[in-house]
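Novice: Supplied in structure tokens, the structure appears directly below.
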Amino acid sequence: MQEIGDIFKQLSNDIGLTVLLVEQKFPIVLHIADNLSILGRGRKVASGQIADLTDDLISKYLTV
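Under our numbering, the first residue of the sequence shown is numbered 1, with each subsequent residue one higher.
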């Protein structure tokens, strides 16, 4: 998954490509995403930049 993440980041930097990634593993999200939305039971419970995530949101919705 690291290689795919690197490709996404490179395409984003080179041509401004936007990627919609559905993933719950936090290391992958952290590597790839600039912004994210967290869904719980089909509803958005949080959105914003990675730096704005709280430990509670990470432990509840993302696999560390």
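All residues carry an ideal CB built from backbone N, CA and C; glycine is no exception. Note that the structure is predicted; figures quoted are calculated from it, not measured.
(1) How is the beta strand (DSSP E) around Q2 delimited, first residue to last?
(2) Do the region 4-21 and the region 50-60 meet, that is, are 3 or more Cβ pairs less than 8 Å apart?
(3) Measure the CB-CB distance between D34 and I50 and report whether it falls below 9 Å.
(4) Put V45 into one of helix, strand or coil per three-state DSSP.
(5) Going straight from the alpha carbon of I32 to that of I4, what length do you get?
Specialist: On the basis of the supplied data:
(1) Per DSSP, Q2 belongs to no beta strand (DSSP E); it is in the alpha helix (DSSP H), Q2 to I15.
(2) Short answer: they don't touch.
(3) Note that the C-beta distance between D34 and I50 is below 9 Å.
(4) Annotated three-state conformation of V45 is strand, per DSSP.
(5) Roughly 9 Å between the two C-alpha positions.
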